[in-house]
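Engineer:
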Amino acid sequence: MNKIVLSVLVIFFWGNISAQSTKKFNLTESIEVAIDSSLQAFMAQNMYLSNYWAYRSFRAARLPSLNLQTTPLQYYSDFTRRYDSYENIDVYRQQQSLYSSGNLSIRQNFDLTGGTFFVDSELGYMRNFGDNSYSQFSSVPVRVGYSQSLFGFNSFKWEKKIEPLKFERAKTQFLYSREEISELTIQYFFSLAMAQMEYDMAKDNVASSDTLYRIGQERQKIASISNADLLTLRLDVVNARNALQNAEIGLKRAMFNFVSFLNIDKETTVELELPGRPADIRISSEQALKYARAYNPDFLGYTQEMHEAEREVDRTTKSSNFDASFSVSMGFNQVAPNFSGAYRSPLQQNVVSVGLNIPLVDWGVRKGRANMARNNLNVTRISIQQKEQKLEQDVIMTVSDFNIQQDLINSAEEALNLATMAYNVTKERFIIGKADLNSLTLSLNRQNSAQRNYISAISTYWQNYYKLRKLTLFDFMKQEVLAEQFDKVWSIKN
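Numbering (this note's numbering), first residue to last: 12 to 505.
#1: What does the Cβ neighbour count give for residue 177, buried or exposed, with the cut at 16 atoms within 10 Å?
#2: Return yes when the Cβ of residue 262 is within less than 9 Å of the Cβ of residue 228, no when it is not.
#3: According to DSSP, simplified to helix, strand and coil, what is residue 418?
#4: Let me know the secondary structure DSSP gives residue 431 once reduced to three states.
#5: Name the two residues that bound the continuous alpha helix (DSSP H) containing residue 51.
#6: Classify residue 349 as helix, strand or coil using the three-state DSSP reduction.
#7: Can we say the segment 71-86 touches the segment 108-118, given the rule of at least three CB pairs closer than 8 Å?
#8: Return the Cβ separation of residue 429 and residue 468 in integer angstroms, given the expectation that the two are a contact with Cβ distance under 8 Å.
#9: Identify, in the order they occur along the chain, each residue of the same chain with its Cβ nearer than 7 Å to the Cβ of residue 426, setting aside the five sequence neighbours on each side.
#10: Does DSSP put residue 460 in a helix, in a strand, or in coil?
#11: What is the DSSP secondary structure of residue 87, reduced to helix, strand or coil?
#12: Quick one: residues in its chain with C-beta nearer than 7 Å to the C-beta of residue 326, no 5 flanking neighbours on either side, listed in chain order?
#13: Nearest CA to the CA of residue 389: which residue from 306, 331, 316 and 216?
#14: Here's a check: name, in chain order, each residue in its chain whose Cβ is nearer than 7 Å to the Cβ of residue 292, leaving out the five neighbours to either side.
#15: Could you tell me the distance, in whole angstroms, from the CA atom of residue 414 to the CA atom of residue 408?
#16: In angstroms with no decimal places, state the Cα-to-Cα distance between residue 184 and residue 40.
#17: Identify every residue that forms a DSSP beta bridge with residue 93.
#18: State yes or no: is the C-beta of residue 190 within less than 9 Å of the C-beta of residue 481?
#19: My output table needs one value for residue 138: the three-state DSSP class, helix, strand or coil.
#20: For a test of the three-state rule: what should DSSP assign to residue 221, helix, strand or coil?
#21: Taking the alpha helix (DSSP H) that residue 156 falls in, what are its first and last residues?
#22: Do residue 519 and residue 476 have their CB atoms nearer than 9 Å?
#23: Helix, strand or coil: how does DSSP classify residue 293 here?
#24: Between the alpha carbons of residue 395 and residue 319, how many angstroms are there, rounded?
#25: In chain order, what are the residue ranges of uninterrupted beta strand (DSSP E) at least 3 long that sit wholly in the segment 246-295?
#26: Check each candidate in 498, 328 and 69 and name the one with the smallest Cα separation from residue 380.
#27: In its own chain, which residues sit with a C-beta less than 7 Å from the C-beta of residue 494, not counting the 5 before and 5 after it?
#28: Give the DSSP bridge partners of residue 238, in chain order.
#29: By Cβ distance, which residues of its chain are closer than 7 Å to residue 102, with the 5 residues on each side in sequence left out?
#30: Three or more C-beta pairs under 8 Å: does that hold for the segment 117-126 against the segment 148-155?
#31: Look up residue 493 in the DSSP assignment and give the residues it is bridged to.
#32: Determine which residues share a DSSP beta bridge with residue 34 and list them.
#33: At the level of alpha carbons, what is the spacing between residue 266 and residue 203?
#34: Taking all protein chains shown into account, decide if residue 216 is buried (16 or more other Cβ within 10 angstroms of its Cβ) or exposed.
#35: Return the CA-CA distance between residue 59 and residue 254, expressed in angstroms with no decimal places.
#36: Does DSSP classify residue 446 as helix, strand or coil?
Here it is as C-alpha coordinates:
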(Lines of atoms letter the chains of each structure in order from A and count residues from 1; the text may use other names and numbers.)
(Lines give C-alpha, C1' and ligand atoms only; values in the text may rest on other atoms or scores of the structure.)
Protein backbone atom coordinates (compact mmCIF):
# COMPACT_ATOMS: atom_id res chain seq x y z
CA MET A 1 0.00 0.00 0.00
CA ASN A 2 1.88 3.04 -1.25
CA LYS A 3 -0.83 5.56 -0.38
CA ILE A 4 -4.06 5.24 1.55
CA VAL A 5 -6.50 8.13 1.43
CA LEU A 6 -8.73 8.29 4.46
CA SER A 7 -11.76 10.57 4.05
CA VAL A 8 -13.24 11.79 7.28
CA LEU A 9 -16.79 13.15 6.91
CA VAL A 10 -18.18 13.95 10.33
CA ILE A 11 -20.91 16.47 11.17
CA PHE A 12 -20.39 18.44 14.37
CA PHE A 13 -23.48 19.79 16.03
CA TRP A 14 -23.21 23.26 17.62
CA GLY A 15 -26.88 24.00 18.12
CA ASN A 16 -27.60 23.83 14.37
CA ILE A 17 -25.88 22.03 11.52
CA SER A 18 -23.87 24.48 9.45
CA ALA A 19 -21.98 24.26 6.22
CA GLN A 20 -18.53 22.76 6.62
CA SER A 21 -15.27 23.44 4.84
CA THR A 22 -13.07 20.58 3.73
CA LYS A 23 -9.29 20.52 4.11
CA LYS A 24 -6.82 17.87 3.08
CA PHE A 25 -3.89 17.12 5.33
CA ASN A 26 -0.96 14.81 4.95
CA LEU A 27 1.40 14.22 7.85
CA THR A 28 3.86 16.95 6.88
CA GLU A 29 1.13 19.55 6.40
CA SER A 30 -0.43 18.65 9.75
CA ILE A 31 2.90 19.16 11.50
CA GLU A 32 3.45 22.51 9.76
CA VAL A 33 -0.01 23.77 10.78
CA ALA A 34 0.49 22.62 14.39
CA ILE A 35 3.91 24.28 14.63
CA ASP A 36 2.48 27.49 13.20
CA SER A 37 -1.00 27.74 14.77
CA SER A 38 -1.39 25.47 17.81
CA LEU A 39 -1.65 26.95 21.29
CA GLN A 40 1.48 25.05 22.30
CA ALA A 41 3.33 26.74 19.43
CA PHE A 42 2.26 30.20 20.62
CA MET A 43 3.39 29.39 24.15
CA ALA A 44 6.79 28.11 22.97
CA GLN A 45 7.29 31.16 20.75
CA ASN A 46 6.51 33.62 23.54
CA MET A 47 8.83 31.80 25.94
CA TYR A 48 11.60 32.05 23.37
CA LEU A 49 10.92 35.75 22.77
CA SER A 50 11.11 36.37 26.51
CA ASN A 51 14.58 34.78 26.62
CA TYR A 52 15.56 36.57 23.41
CA TRP A 53 14.86 40.00 24.89
CA ALA A 54 16.59 39.01 28.14
CA TYR A 55 19.70 38.22 26.10
CA ARG A 56 19.36 41.47 24.16
CA SER A 57 19.26 43.29 27.50
CA PHE A 58 22.42 41.47 28.61
CA ARG A 59 24.21 42.47 25.39
CA ALA A 60 23.05 46.05 25.77
CA ALA A 61 24.39 46.12 29.34
CA ARG A 62 27.86 45.30 28.01
CA LEU A 63 27.90 48.51 25.97
CA PRO A 64 28.75 51.98 27.32
CA SER A 65 25.79 53.59 29.04
CA LEU A 66 24.98 57.29 28.88
CA ASN A 67 23.11 58.64 31.89
CA LEU A 68 21.77 62.02 32.86
CA GLN A 69 21.11 62.70 36.53
CA THR A 70 19.47 66.02 37.19
CA THR A 71 17.62 68.00 39.80
CA PRO A 72 15.97 70.71 37.73
CA LEU A 73 14.61 72.65 40.68
CA GLN A 74 14.89 72.39 44.46
CA TYR A 75 13.50 75.33 46.48
CA TYR A 76 13.68 75.81 50.25
CA SER A 77 11.84 78.38 52.34
CA ASP A 78 12.04 77.59 56.04
CA PHE A 79 13.44 78.60 59.42
CA THR A 80 16.77 77.12 60.34
CA ARG A 81 18.87 77.35 63.47
CA ARG A 82 21.97 79.53 63.22
CA TYR A 83 24.65 80.57 65.69
CA ASP A 84 24.88 84.33 66.38
CA SER A 85 28.54 85.00 67.23
CA TYR A 86 27.84 88.53 68.45
CA GLU A 87 25.21 87.44 70.98
CA ASN A 88 26.78 83.99 71.52
CA ILE A 89 23.38 82.31 71.15
CA ASP A 90 21.53 80.11 68.67
CA VAL A 91 18.72 81.83 66.82
CA TYR A 92 16.16 80.81 64.18
CA ARG A 93 16.41 82.68 60.94
CA GLN A 94 14.38 82.49 57.77
CA GLN A 95 16.19 80.94 54.81
CA GLN A 96 15.25 80.87 51.15
CA SER A 97 17.38 79.07 48.62
CA LEU A 98 17.18 77.60 45.15
CA TYR A 99 19.24 74.65 43.89
CA SER A 100 19.63 73.06 40.49
CA SER A 101 22.15 70.46 39.29
CA GLY A 102 22.88 68.03 36.50
CA ASN A 103 25.39 65.24 35.85
CA LEU A 104 26.03 63.65 32.45
CA SER A 105 28.09 60.45 32.63
CA ILE A 106 29.31 57.62 30.42
CA ARG A 107 30.01 54.31 32.19
CA GLN A 108 31.56 51.11 30.88
CA ASN A 109 31.88 47.84 32.78
CA PHE A 110 35.12 45.91 32.33
CA ASP A 111 34.30 42.18 32.37
CA LEU A 112 37.83 40.91 32.92
CA THR A 113 38.38 42.65 36.26
CA GLY A 114 34.84 43.54 37.26
CA GLY A 115 35.64 47.24 37.44
CA THR A 116 33.86 50.23 35.98
CA PHE A 117 35.26 53.15 33.97
CA PHE A 118 33.39 56.42 33.88
CA VAL A 119 33.62 59.85 32.32
CA ASP A 120 31.27 62.57 33.52
CA SER A 121 30.59 66.27 33.53
CA GLU A 122 28.68 68.14 36.22
CA LEU A 123 27.10 71.56 36.65
CA GLY A 124 25.36 72.98 39.75
CA TYR A 125 23.61 76.26 40.54
CA MET A 126 22.74 77.73 43.95
CA ARG A 127 21.00 80.98 44.86
CA ASN A 128 20.25 82.29 48.33
CA PHE A 129 17.55 84.95 48.87
CA GLY A 130 17.35 87.52 51.61
CA ASP A 131 19.49 90.38 52.87
CA ASN A 132 22.68 88.69 51.69
CA SER A 133 21.40 87.20 48.45
CA TYR A 134 23.97 85.74 46.12
CA SER A 135 24.37 83.11 43.37
CA GLN A 136 27.04 80.54 42.64
CA PHE A 137 27.78 78.13 39.81
CA SER A 138 29.78 74.98 40.44
CA SER A 139 31.18 73.00 37.50
CA VAL A 140 33.15 69.86 36.82
CA PRO A 141 33.89 70.21 33.08
CA VAL A 142 35.30 66.71 32.80
CA ARG A 143 36.22 63.92 35.18
CA VAL A 144 37.63 60.47 34.42
CA GLY A 145 37.55 57.67 36.95
CA TYR A 146 37.72 53.96 37.65
CA SER A 147 36.41 51.83 40.53
CA GLN A 148 37.44 48.27 41.27
CA SER A 149 36.92 45.55 43.84
CA LEU A 150 40.33 43.96 44.33
CA PHE A 151 39.46 40.58 45.80
CA GLY A 152 35.68 40.50 45.56
CA PHE A 153 33.27 38.53 43.40
CA ASN A 154 33.34 39.47 39.71
CA SER A 155 29.74 39.12 38.55
CA PHE A 156 30.52 40.54 35.10
CA LYS A 157 32.87 37.66 34.27
CA TRP A 158 30.29 35.01 35.18
CA GLU A 159 27.49 36.79 33.34
CA LYS A 160 29.64 36.82 30.21
CA LYS A 161 30.08 33.06 30.52
CA ILE A 162 26.52 32.07 31.50
CA GLU A 163 24.18 34.48 29.68
CA PRO A 164 25.15 33.48 26.09
CA LEU A 165 24.81 29.85 27.13
CA LYS A 166 21.35 30.54 28.57
CA PHE A 167 20.26 32.12 25.31
CA GLU A 168 21.64 29.26 23.25
CA ARG A 169 19.78 26.87 25.50
CA ALA A 170 16.59 28.92 25.10
CA LYS A 171 16.90 28.70 21.33
CA THR A 172 17.44 24.94 21.36
CA GLN A 173 14.62 24.58 23.90
CA PHE A 174 12.33 26.39 21.46
CA LEU A 175 13.33 23.96 18.71
CA TYR A 176 12.89 21.09 21.18
CA SER A 177 9.35 22.32 21.94
CA ARG A 178 8.56 22.44 18.23
CA GLU A 179 9.64 18.83 17.86
CA GLU A 180 7.45 17.93 20.86
CA ILE A 181 4.56 19.55 19.01
CA SER A 182 5.44 17.39 16.00
CA GLU A 183 5.29 14.28 18.18
CA LEU A 184 1.88 15.25 19.53
CA THR A 185 0.66 15.98 16.01
CA ILE A 186 1.70 12.50 14.93
CA GLN A 187 -0.27 10.99 17.82
CA TYR A 188 -3.42 12.95 16.97
CA PHE A 189 -2.95 12.32 13.24
CA PHE A 190 -2.70 8.56 13.54
CA SER A 191 -5.37 8.40 16.25
CA LEU A 192 -7.72 10.00 13.74
CA ALA A 193 -6.43 7.71 10.98
CA MET A 194 -7.01 4.66 13.19
CA ALA A 195 -10.50 5.91 14.13
CA GLN A 196 -11.35 6.42 10.45
CA MET A 197 -10.08 2.94 9.64
CA GLU A 198 -12.18 1.46 12.44
CA TYR A 199 -15.20 3.37 11.12
CA ASP A 200 -14.59 2.21 7.53
CA MET A 201 -14.13 -1.39 8.69
CA ALA A 202 -17.30 -1.13 10.76
CA LYS A 203 -19.27 0.12 7.73
CA ASP A 204 -17.84 -2.64 5.55
CA ASN A 205 -18.62 -5.14 8.27
CA VAL A 206 -22.26 -3.99 8.43
CA ALA A 207 -22.64 -4.30 4.65
CA SER A 208 -20.87 -7.66 4.61
CA SER A 209 -22.91 -8.99 7.54
CA ASP A 210 -26.15 -7.98 5.88
CA THR A 211 -25.08 -9.66 2.65
CA LEU A 212 -23.96 -12.85 4.39
CA TYR A 213 -27.14 -12.97 6.44
CA ARG A 214 -29.29 -12.73 3.28
CA ILE A 215 -27.17 -15.44 1.66
CA GLY A 216 -27.60 -17.53 4.80
CA GLN A 217 -31.37 -17.14 4.62
CA GLU A 218 -31.37 -18.35 1.03
CA ARG A 219 -29.08 -21.25 1.84
CA GLN A 220 -31.24 -22.30 4.79
CA LYS A 221 -34.14 -22.75 2.40
CA ILE A 222 -32.21 -25.46 0.68
CA ALA A 223 -30.96 -26.85 4.03
CA SER A 224 -27.31 -26.10 3.24
CA ILE A 225 -26.84 -24.14 6.46
CA SER A 226 -27.94 -24.92 9.98
CA ASN A 227 -30.29 -22.78 12.03
CA ALA A 228 -27.50 -22.17 14.54
CA ASP A 229 -25.26 -20.74 11.80
CA LEU A 230 -28.11 -18.55 10.60
CA LEU A 231 -28.60 -17.20 14.13
CA THR A 232 -24.88 -16.54 14.32
CA LEU A 233 -25.07 -14.56 11.08
CA ARG A 234 -27.98 -12.59 12.51
CA LEU A 235 -25.94 -11.92 15.68
CA ASP A 236 -23.08 -10.72 13.50
CA VAL A 237 -25.44 -8.17 11.91
CA VAL A 238 -26.50 -6.83 15.32
CA ASN A 239 -22.92 -6.69 16.60
CA ALA A 240 -21.71 -5.00 13.41
CA ARG A 241 -24.31 -2.24 13.74
CA ASN A 242 -23.41 -1.71 17.40
CA ALA A 243 -19.72 -1.60 16.46
CA LEU A 244 -20.49 0.99 13.78
CA GLN A 245 -22.14 3.27 16.33
CA ASN A 246 -19.18 2.95 18.69
CA ALA A 247 -16.76 3.58 15.82
CA GLU A 248 -18.68 6.73 14.86
CA ILE A 249 -18.41 8.05 18.42
CA GLY A 250 -14.68 7.31 18.46
CA LEU A 251 -14.28 9.01 15.08
CA LYS A 252 -16.02 12.18 16.27
CA ARG A 253 -13.83 12.31 19.35
CA ALA A 254 -10.63 11.77 17.34
CA MET A 255 -11.71 14.41 14.81
CA PHE A 256 -12.41 16.96 17.55
CA ASN A 257 -9.05 16.30 19.21
CA PHE A 258 -7.21 16.70 15.90
CA VAL A 259 -8.76 20.01 14.81
CA SER A 260 -8.59 21.38 18.36
CA PHE A 261 -4.89 20.64 18.64
CA LEU A 262 -4.18 22.26 15.26
CA ASN A 263 -6.31 25.22 16.40
CA ILE A 264 -8.42 25.28 13.23
CA ASP A 265 -12.15 25.69 12.76
CA LYS A 266 -13.97 23.03 14.79
CA GLU A 267 -16.46 22.48 11.95
CA THR A 268 -13.78 21.70 9.38
CA THR A 269 -14.03 18.40 7.54
CA VAL A 270 -10.61 16.80 7.25
CA GLU A 271 -9.29 14.39 4.67
CA LEU A 272 -6.16 12.59 5.85
CA GLU A 273 -3.58 11.16 3.52
CA LEU A 274 -1.45 8.52 5.15
CA PRO A 275 2.26 8.63 4.33
CA GLY A 276 3.50 5.84 2.16
CA ARG A 277 6.45 3.61 2.84
CA PRO A 278 9.23 5.87 4.16
CA ALA A 279 12.67 6.02 2.65
CA ASP A 280 15.19 3.55 4.00
CA ILE A 281 17.31 5.60 6.44
CA ARG A 282 19.88 3.97 8.68
CA ILE A 283 21.15 6.05 11.59
CA SER A 284 24.13 5.14 13.73
CA SER A 285 24.11 5.63 17.49
CA GLU A 286 27.45 7.45 17.35
CA GLN A 287 26.10 9.99 14.88
CA ALA A 288 22.95 10.59 16.92
CA LEU A 289 24.92 10.98 20.16
CA LYS A 290 27.25 13.49 18.51
CA TYR A 291 24.36 15.73 17.52
CA ALA A 292 22.59 15.25 20.86
CA ARG A 293 25.66 16.36 22.83
CA ALA A 294 26.06 19.39 20.57
CA TYR A 295 22.48 20.62 20.28
CA ASN A 296 20.19 19.01 22.84
CA PRO A 297 19.00 21.70 25.30
CA ASP A 298 19.40 19.31 28.23
CA PHE A 299 23.12 18.94 27.56
CA LEU A 300 23.42 22.72 27.34
CA GLY A 301 21.42 22.94 30.56
CA TYR A 302 23.88 20.62 32.30
CA THR A 303 26.75 22.92 31.27
CA GLN A 304 24.78 25.89 32.58
CA GLU A 305 24.14 24.11 35.89
CA MET A 306 27.86 23.46 36.30
CA HIS A 307 28.76 27.10 35.59
CA GLU A 308 26.13 28.33 38.05
CA ALA A 309 27.38 25.95 40.75
CA GLU A 310 30.97 27.07 40.10
CA ARG A 311 29.84 30.69 40.27
CA GLU A 312 28.28 30.10 43.67
CA VAL A 313 31.52 28.54 44.92
CA ASP A 314 33.46 31.56 43.67
CA ARG A 315 31.01 33.99 45.26
CA THR A 316 30.88 32.31 48.69
CA THR A 317 34.64 31.70 48.77
CA LYS A 318 35.50 35.32 48.07
CA SER A 319 32.86 36.65 50.44
CA SER A 320 34.40 34.60 53.25
CA ASN A 321 37.70 36.47 52.90
CA PHE A 322 38.48 40.15 53.39
CA ASP A 323 37.76 42.43 50.48
CA ALA A 324 39.43 45.62 49.35
CA SER A 325 38.19 48.16 46.87
CA PHE A 326 39.51 51.37 45.45
CA SER A 327 38.34 54.14 43.20
CA VAL A 328 40.30 56.88 41.52
CA SER A 329 39.18 59.90 39.53
CA MET A 330 40.90 62.86 37.94
CA GLY A 331 39.27 65.98 36.60
CA PHE A 332 38.74 69.71 36.99
CA ASN A 333 36.30 71.86 38.96
CA GLN A 334 35.56 75.52 39.56
CA VAL A 335 33.13 77.78 41.44
CA ALA A 336 32.07 81.24 40.25
CA PRO A 337 29.17 83.68 40.63
CA ASN A 338 28.28 83.37 36.93
CA PHE A 339 28.01 80.59 34.36
CA SER A 340 30.98 81.55 32.19
CA GLY A 341 33.24 81.96 35.22
CA ALA A 342 32.46 78.43 36.36
CA TYR A 343 34.26 77.14 33.25
CA ARG A 344 37.17 79.60 33.33
CA SER A 345 40.57 78.38 34.61
CA PRO A 346 39.25 75.24 36.37
CA LEU A 347 41.35 73.73 39.10
CA GLN A 348 42.53 70.12 39.08
CA GLN A 349 40.46 67.69 41.13
CA ASN A 350 41.98 64.35 42.20
CA VAL A 351 40.18 61.80 44.34
CA VAL A 352 41.61 58.46 45.53
CA SER A 353 39.58 56.18 47.78
CA VAL A 354 40.54 52.83 49.31
CA GLY A 355 38.11 50.70 51.27
CA LEU A 356 38.57 47.50 53.29
CA ASN A 357 35.97 45.00 54.41
CA ILE A 358 37.51 42.56 56.92
CA PRO A 359 35.32 39.92 58.59
CA LEU A 360 36.58 39.48 62.15
CA VAL A 361 34.11 37.19 63.95
CA ASP A 362 31.11 35.59 62.24
CA TRP A 363 31.21 32.21 64.04
CA GLY A 364 31.96 30.32 60.82
CA VAL A 365 28.94 31.54 58.82
CA ARG A 366 30.92 32.54 55.71
CA LYS A 367 33.09 29.44 55.87
CA GLY A 368 30.02 27.23 56.20
CA ARG A 369 28.42 28.81 53.16
CA ALA A 370 31.60 28.29 51.14
CA ASN A 371 31.83 24.61 52.14
CA MET A 372 28.15 24.10 51.38
CA ALA A 373 28.63 25.60 47.91
CA ARG A 374 31.56 23.23 47.24
CA ASN A 375 29.48 20.23 48.32
CA ASN A 376 26.61 21.39 46.13
CA LEU A 377 29.03 21.60 43.22
CA ASN A 378 30.02 17.95 43.77
CA VAL A 379 26.37 16.91 43.99
CA THR A 380 25.60 18.82 40.81
CA ARG A 381 28.52 17.17 39.00
CA ILE A 382 27.35 13.65 39.96
CA SER A 383 23.72 14.44 39.16
CA ILE A 384 24.68 15.73 35.74
CA GLN A 385 26.65 12.56 35.01
CA GLN A 386 23.58 10.47 35.83
CA LYS A 387 21.32 12.62 33.68
CA GLU A 388 23.75 12.48 30.77
CA GLN A 389 23.91 8.69 30.95
CA LYS A 390 20.11 8.46 31.00
CA LEU A 391 19.78 10.82 28.05
CA GLU A 392 22.44 9.01 26.05
CA GLN A 393 20.67 5.71 26.73
CA ASP A 394 17.40 7.23 25.50
CA VAL A 395 19.10 8.32 22.28
CA ILE A 396 20.66 4.90 21.69
CA MET A 397 17.38 3.04 22.32
CA THR A 398 15.43 5.40 20.07
CA VAL A 399 17.94 4.86 17.26
CA SER A 400 17.60 1.10 17.69
CA ASP A 401 13.80 1.27 17.69
CA PHE A 402 13.79 3.47 14.61
CA ASN A 403 16.06 1.19 12.59
CA ILE A 404 14.04 -1.89 13.55
CA GLN A 405 10.73 -0.20 12.79
CA GLN A 406 11.61 0.17 9.10
CA ASP A 407 11.73 -3.63 8.79
CA LEU A 408 8.48 -3.95 10.74
CA ILE A 409 6.71 -1.66 8.26
CA ASN A 410 7.70 -3.95 5.42
CA SER A 411 6.41 -6.96 7.33
CA ALA A 412 3.18 -5.19 8.28
CA GLU A 413 2.55 -4.18 4.67
CA GLU A 414 3.14 -7.73 3.44
CA ALA A 415 0.88 -9.14 6.17
CA LEU A 416 -1.89 -6.71 5.21
CA ASN A 417 -1.74 -7.68 1.55
CA LEU A 418 -1.81 -11.39 2.40
CA ALA A 419 -4.65 -10.98 4.91
CA THR A 420 -6.74 -9.00 2.41
CA MET A 421 -6.26 -11.58 -0.31
CA ALA A 422 -7.03 -14.43 2.12
CA TYR A 423 -10.24 -12.77 3.29
CA ASN A 424 -11.43 -12.13 -0.27
CA VAL A 425 -10.79 -15.76 -1.22
CA THR A 426 -12.48 -17.09 1.93
CA LYS A 427 -15.48 -14.82 1.40
CA GLU A 428 -15.92 -16.08 -2.17
CA ARG A 429 -15.62 -19.67 -0.98
CA PHE A 430 -18.23 -19.06 1.73
CA ILE A 431 -20.65 -17.58 -0.79
CA ILE A 432 -20.45 -20.69 -2.96
CA GLY A 433 -20.64 -22.96 0.09
CA LYS A 434 -17.04 -24.23 0.16
CA ALA A 435 -16.01 -22.50 3.43
CA ASP A 436 -17.68 -22.50 6.81
CA LEU A 437 -18.60 -19.52 8.97
CA ASN A 438 -15.72 -19.99 11.42
CA SER A 439 -13.17 -19.74 8.60
CA LEU A 440 -14.80 -16.58 7.31
CA THR A 441 -14.87 -14.95 10.76
CA LEU A 442 -11.26 -15.88 11.44
CA SER A 443 -10.18 -14.50 8.05
CA LEU A 444 -12.02 -11.21 8.68
CA ASN A 445 -10.43 -10.81 12.08
CA ARG A 446 -7.01 -11.40 10.60
CA GLN A 447 -7.59 -8.74 7.95
CA ASN A 448 -8.78 -6.21 10.52
CA SER A 449 -5.81 -6.97 12.75
CA ALA A 450 -3.41 -6.58 9.80
CA GLN A 451 -4.89 -3.17 8.97
CA ARG A 452 -4.48 -2.00 12.55
CA ASN A 453 -0.91 -3.31 12.69
CA TYR A 454 0.00 -1.52 9.46
CA ILE A 455 -1.21 1.89 10.65
CA SER A 456 0.37 1.26 14.05
CA ALA A 457 3.70 0.40 12.41
CA ILE A 458 3.71 3.62 10.35
CA SER A 459 2.69 5.65 13.41
CA THR A 460 5.47 4.15 15.53
CA TYR A 461 8.01 4.78 12.77
CA TRP A 462 7.22 8.50 12.56
CA GLN A 463 6.99 8.85 16.32
CA ASN A 464 10.47 7.35 16.67
CA TYR A 465 11.82 9.55 13.88
CA TYR A 466 10.51 12.78 15.37
CA LYS A 467 11.56 11.73 18.84
CA LEU A 468 15.06 11.27 17.44
CA ARG A 469 14.83 14.71 15.83
CA LYS A 470 13.79 16.11 19.20
CA LEU A 471 16.68 14.48 21.06
CA THR A 472 19.30 15.50 18.50
CA LEU A 473 17.75 18.60 16.88
CA PHE A 474 18.97 17.22 13.56
CA ASP A 475 17.02 16.49 10.37
CA PHE A 476 18.38 13.12 9.26
CA MET A 477 16.42 13.15 5.99
CA LYS A 478 17.76 16.53 4.86
CA GLN A 479 21.03 16.13 6.78
CA GLU A 480 20.65 19.59 8.32
CA VAL A 481 20.99 20.97 11.82
CA LEU A 482 17.62 22.35 12.92
CA ALA A 483 19.27 25.33 14.61
CA GLU A 484 20.80 26.37 11.28
CA GLN A 485 17.39 26.12 9.59
CA PHE A 486 15.92 28.21 12.38
CA ASP A 487 18.65 30.88 12.14
CA LYS A 488 17.97 31.30 8.41
CA VAL A 489 14.22 31.72 8.92
CA TRP A 490 14.65 33.99 11.97
CA SER A 491 17.13 36.27 10.15
CA ILE A 492 14.67 36.64 7.26
CA LYS A 493 11.80 37.55 9.62
CA ASN A 494 13.93 40.07 11.48
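Just so you know, even glycine gets a beta-carbon here, dropped at the ideal spot from N, CA and C. Computed from a prediction, not measured in an experiment: that's the story for all the values here.
Structural biologist: Considering the structure as presented:
#1: buried
#2: no
#3: helix
#4: helix
#5: 50-72
#6: coil
#7: yes
#8: Incorrect: roughly 15 Å between the Cβ atoms, too far for contact.
#9: 461 and 464
#10: helix
#11: strand
#12: 164
#13: 316
#14: 487 and 488
#15: 10 Å
#16: 23 Å
#17: 102
#18: yes
#19: strand
#20: helix
#21: Run containing residue 156: none in the alpha helix (DSSP H); it sits in the beta strand (DSSP E), 145-160.
#22: This structure cannot settle anything about residue 519, because the visible part of the chain is limited to 12 through 505.
#23: coil
#24: 13 Å
#25: 280-284
#26: 328
#27: 182, 183, 186, 306 and 484
#28: Paired residue(s): none; residue 238 is not in a bridge.
#29: 93 and 95
#30: no
#31: Answer by DSSP bridge pairing: none, since residue 493 is not bridged.
#32: 281
#33: 6 Å
#34: buried
#35: 46 Å
#36: coil
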